[in-house]
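First the structure, in the form of structure tokens, and then the observations on it.
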Amino acid sequence: MVSIGEILKGRHTGKVVELRGWIYRTRTVGGKAFVVIRDATGILQATISRDAVSPEAFQAAEKALIESAVVVHGKVVADKRAPGGYEIQSDDFKVVHFAEKFPIQEDLSEEFLLDVRHLWVRSQKMTGIFRVRHTVFGAVHEYFREHGFWEVQPPMITPAGSEGGATLFEVDYFGRKAFLTQSWQLYAEALVLAMEKIYYVGPSFRAEKSRTTRHLTEYWHAEMEEAWVGMDAVIRHAEGVISQACALVAEERVEEIVALGRTPEFLKAVKPPFERMTYDEALKVLKAKGIEVEWGKDLRTLEERALTEGKSKPVIVTHYPRVSQAFYKARDPKHPDLVLGFDVIGGDGVGEIVGGSERETDLETIKKALLEQGEDPKAYDWYLDSRRFGSVQHAGFGMGMERLIQWICKLGHIRDAVPFPRTPGRFSP
RNA sequence: GCCGUCGUAGCUCAGUCCGGUAGAGCCCCCGACUGUUAAUCGGGUGGUCUGCGGUUCGAAUCCGCACGACGGCGCCA
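Each residue of the first sequence is one higher than the one before, counting from 10 in our numbering.
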């Protein structure tokens with residue numbers, strides 16, 4: 010049994026092989042059937058001639074519809090007339106399963122493809138993205154483990170939120186209200202005083218009806234937290250993990266990214282340091298571009314696009330105004346109006362890939378910040394123990410895995426960065 | 001939360017403004033063709049026009065309500 014990928018590399022030319030896969034396209038011309046077969050490694054044409062196989066085999070080749078599962082036996086030859094340059098001249102052709110009429114043809118609407126997502130995942134485009142996703146996830150784990158971080162998991166079911174504004178999915182916990190996690194933040198800050206350098210890659214949930222090309226309600230979050238360091242150290246880790254993921258994809262997923270419109274050279278060039286600017290500097294850059302932003306307002310899609318326009322690496326913005334920032338972010342000792350927080354902003358409309366900060370260590374300051382945001386400090390009492398028992402400087406960030414994949418693969422919509430996307434309008438299939 | 005677009009055959013759409021009883025291409029089925037590349041050519045099957053209500057002799061078409069989806073903004077990763 011051989012794979013199509015091996016045949017396309019010329020490893021079996023001239024040999025008689027057996028190949029199994031699914032029908033991608035069929036065409037018949039008189040006494041010849043051309044059956045294009047796909048497997049997990051590529052697509053290849055099998056030629057079935059009436060005179061070369063049994064009548065049953067020929068009839069099966071003529072009748073089998075797209076996505077039928079087949080086993081083909083024959084000689085591999087190089088032939089310019091075949092798509093891809095190679096084909097199998099069959100001496101036997103068996104259908105393992107005759108598929109029903111496959112609903113996916115040409116001319117498909119985005120909406121229909123989402124309805125039949127469970128079938129669309131078989132497409133060349135989707136499987137290519139999934140392979141890149143595999144590589145990106147591997148790179149993230151490798152990066153943190155190589156740098157001495159412990160992988161540790163927070164709970165998914167939580168008693169309350171961590172970031173005030175963001176909405177939570179409510180679950181019925183034996184008659185009591187519980188919520189799906191939107192960040193490991195509170196748990197990370199408890200664990201970082203135990204393990205010092207920790208990371209986690211897992212799902213996060215946001216019940217926000219964000220109808221954009223870069224929001225999912227369920228997404229994979231890579232989060233890290235480190236003790237005894239400030240914002241600068243974790244910015245370097247953010248640059249490091251992103252560049253390592255890009256480098257590994259450039260090395261191992263060349264075919265896939267080229268098909269998606271990215272070159273390996275582009276990804277290889279994504280090396281630290283990234284361009285860095287403070288929020289105040291960003292406002293000046295925007296003003297020069299004719300975009301006025303009132304100080305204190307967060308950077309919106311429009312502004313993020315303007316900042317990354319023409320840039321081949323992500324851009325880092327630091328020192329945001331304290332107003333409307335999460336309560337656990339540390340204020341800048343030099344400028345109490347600012348927080349020691351940062352975002353890593355990707356181009357091509359992907360926007361914020363990473364958001365992070367140094368964390369506030371002072372108990373009273375955090376309590377005050379909670380009150381300012383309308384939260385009851387009593388609900389956070391267990392979390393505040395991290396500021397009662399050996400509170401030390403620490404910092405961390407959260408990275409949207411699908412946003413990173415979207416940026417690497419140059420995807421127009423984040424939902425294609427995950428096999429079965431969850432968006433406000435859809436949670437099926 | 002705000003704004004916009006759309007819903008007709010398995011799929012992609014026309015028909016809706018100007019009401020008269022449902023169309024095209026692809027898919028699929030049958031036939032022809034021994035090198036096709038989304039093959040081609042001939043024939044055929046296929047529809048509660050999203051749902052409910054209203055106006056009308058008559059509604060896919062006009063009016064109202066509902067449902068569903070897609071797109072953009074805000075918020076975030």
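No residue lacks a Cβ here, since even glycine has one placed at the ideal position from N, Cα and C.
In the displayed model, residue 54 falls within a strand according to three-state DSSP. Nearest neighbour of residue 158 by Cα position, chosen from 149, 141, 164, turns out to be 149. The residues 330, 332, in chain order, have a CB closer than 6 Å to that of residue 305 in the same chain once the five nearest residues on each side in sequence are set aside. Put simply, the backbone Cα of residue 362 is about 14 Å away from that of residue 422.
In this structure residue 354 does not touch residue 244 by the C-beta definition: roughly 13 Å separates them, more than the 8 Å allowed.
Burial check for residue 196: the Cβ neighbour count within 10 Å reaches 16 or more, so the residue is buried. Between residue 276 and residue 259, the beta carbon gap of about 4 Å places them in contact (Cβ cut-off 8 Å). Proximity to residue 337 across 311, 404, 301, 284 peaks at 404, based on C-alpha coordinates.
With contacts defined by Cβ atoms closer than 9 Å, residue 100 and residue 82 form a contacting pair. Put simply, the backbone Cα of residue 402 is about 5 Å away from that of residue 237. Here residue 90 is not bridged, per DSSP, to any residue. With respect to the C-alpha of residue 417, the residue from 406, 272, 395 having the closest C-alpha is 272. Put simply, of 119, 128, 123 the residue whose alpha carbon is nearest the alpha carbon of residue 111 is 128. Sequence-distant partners of residue 217 (beyond 5 residues in either direction) whose C-beta falls short of 6 Å from its own C-beta, in its chain, are 176.
By the Cβ rule, the region 15–22 does not count as touching the region 64–73, because fewer than three pairs are nearer than 8 Å. Partner residues in a beta bridge of residue 107, as assigned by DSSP, do not exist. Burial of residue 253 is indicated by the presence of at least 16 other C-beta atoms within 10 angstroms of its C-beta. The region 83–103 makes contact with the region 39–59, as at least three CB pairs between them are under 8 Å. The closest CA to that of residue 351, considering only 248, 211, 434, 266, is found on 248. Excluding the 5 residues flanking it on each side, residue 321 has same chain C-beta neighbours closer than 7 Å at 275, 278, in chain order. Assignment of residue 258 by DSSP, reduced to helix, strand and coil, places it in the helix class. Its Cα nearest to that of residue 309, the residue 358 stands out among 358, 228, 262, 346.
DSSP, read as helix, strand or coil, puts residue 382 in coil. Residue 413 is not bridged by DSSP to any residue.
Three or more Cβ pairs closer than 8 Å define a contact, and the region 426–434 meets that threshold against the region 224–231. Only exposed fits residue 388, as fewer than 16 other CB atoms lie within 10 angstroms of its CB. Nearest in C-alpha terms to residue 286, of all of 280, 257, 267, 316, is 316.
Counting C-beta atoms within 10 angstroms of its own C-beta, residue 191 has 16 or more neighbours from the protein chains shown and is therefore classed as buried. Excluding residues up to 5 positions away in sequence, 160, 161, 162, 163, 193, 232 lie with their Cβ nearer than 7 Å to the Cβ of residue 209 in the same chain. Within the model, the alpha-carbon separation for residue 105 versus residue 31 is close to 10 Å. Counting the other CB atoms within 10 Å of its CB gives residue 186 a total below 16, which places it among the exposed residues. Residue 108 is not a Cβ neighbour of residue 155, given a cutoff of 9 Å.
The three-state secondary structure of residue 336, taken from DSSP, is coil. Counting along the chain, no beta strand (DSSP E) covers residue 154; the unbroken alpha helix (DSSP H) around it starts and ends at 133–155. In the DSSP annotation of this structure, residue 237 is not part of any alpha helix (DSSP H), being labelled neither H nor E. If you ignore the 5 residues before and after residue 47, its C-beta comes within less than 6 Å of the C-beta of 30, 31, 33, all in its own chain and listed in chain order.
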